[in-house]
Ligand code: HEM
């Protein structure tokens, strides 16, 4: 197949002789799989971040565990760089696949707005949430992941709190938190509907149930993330005069 043929196939969904191409369906499946993986990663990430709610020592211990301390003495921050690199690659790939679904022009966007107002259609509204939060995440998520990749040793109860409070990263984290929680759970809801995961004998009723569960999870995760962010802010505020000094574990004192 020539390059021109494959480009036409990618854009129109039709191959030579007008036969329907399998490429769009495959790209769709890839988008679902990478999205599901990233959403699962984020649900665990926010839980791990909330270890700060149990105190500085709890967050410190968890950070060291991710640096492989049980196997490597003192831990190895390069493990975090590698992990962040894998997540970053998947994140960019997922965003690249999603770009196919962005409105092409302002006109198209206006048509979409008129359409969704007219129909009050849930699906188009969810699609709009995904596009806008995805756009926000593309920038803010990239900043965050780049920092995690390049400064993996600067993670911990004081290092993270100094970054959030004294380095003024909290507005970025606040926006990123809202975007990522909405994007992940709305994404999971769309997968549930698309693949009919919990349809059972009464799909209508079960879809309503799924929607309620997703809304509840969005609220829980937002509250959890906000509570963690508030605690990092408080620690950062109290620690501002000692900015840059690192936390020393209770087991080392
Ligand atoms: C392996 C990759 C990642 C690592 C190692 C990591 C690590 C961290 C760390 C240590 C913090 C605490 C603040 C700080 O130290 O600056 C944090 C917060 C946060 N991260 Fe990540 N992160 C990763 C991937 C992501 C991704 C892909 C997203 C979303 C696109 C994300 C969204 C957030 C948010 C929203 C917060 C604030 C959490 C809260 O308010 O509770 N992270 N991350």
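In our numbering, the protein residues as written are 164 to 416.
Cβ atoms here follow ideal geometry from the backbone N, Cα and C, with glycine treated the same way.
{"Check": "For residue 185, name the three-state secondary structure that DSSP assigns.", "Outcome": "coil"}
{"Check": "Whole angstroms are fine: how far does the CA of residue 207 sit from the CA of residue 291?", "Outcome": "25 Å"}
{"Check": "Considering Cα atoms alone, identify which of 289, 390, 307, 188 is closest to residue 216.", "Outcome": "390"}
{"Check": "Is the closest heavy atom of ligand 1 to the C-beta of residue 258 under 7 Å?", "Outcome": "no"}
{"Check": "Can you list, in chain order, the residues of its chain whose CB lies under 7 Å from that of residue 355, leaving out five sequence neighbours each side?", "Outcome": "361, 373"}
{"Check": "Once the 5 residues before and after residue 325 are set aside, which same chain residues still bring their CB inside 7 Å of it?", "Outcome": "399, 402, 406, 407"}
{"Check": "State buried or exposed for residue 397, treating a residue as buried only when at least 16 other CB atoms are found within 10 Å of its CB.", "Outcome": "exposed"}
{"Check": "Comparing alpha-carbon positions, which option in 318, 296, 297 lies nearest residue 409?", "Outcome": "318"}
{"Check": "When you compare each of 321, 232, 412, 350 to residue 196 by their alpha carbons, which one comes out closest?", "Outcome": "350"}
{"Check": "Nearest by alpha-carbon distance to residue 205: which of 322, 387, 298, 376 is it?", "Outcome": "387"}
{"Check": "What whole-angstrom Cβ distance do residue 251 and residue 312 have, given they're in contact under 8 Å?", "Outcome": "7 Å"}
{"Check": "Report yes if the C-beta distance between residue 315 and residue 222 is below 8 Å; otherwise report no.", "Outcome": "no"}
{"Check": "Can you give me the start and stop residues for the alpha helix (DSSP H) that residue 266 sits inside?", "Outcome": "Here residue 266 belongs to no alpha helix (DSSP H), and DSSP marks it neither H nor E."}
{"Check": "Within 7 Å: the Cβ of residue 221 and any heavy atom of ligand 1?", "Outcome": "no"}
{"Check": "Report yes if the C-beta distance between residue 338 and residue 299 is below 8 Å; otherwise report no.", "Outcome": "yes"}
{"Check": "So the candidates are 231, 278, 224, 256; which of them puts its Cα closest to the Cα of residue 191?", "Outcome": "256"}
{"Check": "When you measure from the CB of residue 339 to every non-hydrogen atom of ligand 1, does any distance come out below 7 Å?", "Outcome": "yes"}
{"Check": "Looking at C-alpha atoms only, which residue of 379, 335, 209, 185 is the closest neighbour of residue 304?", "Outcome": "335"}
{"Check": "To the nearest whole angstrom, what separates the beta carbons of residue 308 and residue 344, a pair I think is in contact under 8 Å?", "Outcome": "No, residue 308 and residue 344 are not in contact; Cβ-Cβ is about 17 Å, not under 8 Å."}
{"Check": "Exposed or buried, residue 346, counting other C-beta atoms within 10 Å across all chains shown (16 or more means buried)?", "Outcome": "buried"}
{"Check": "Report yes if the C-beta distance between residue 413 and residue 220 is below 8 Å; otherwise report no.", "Outcome": "yes"}
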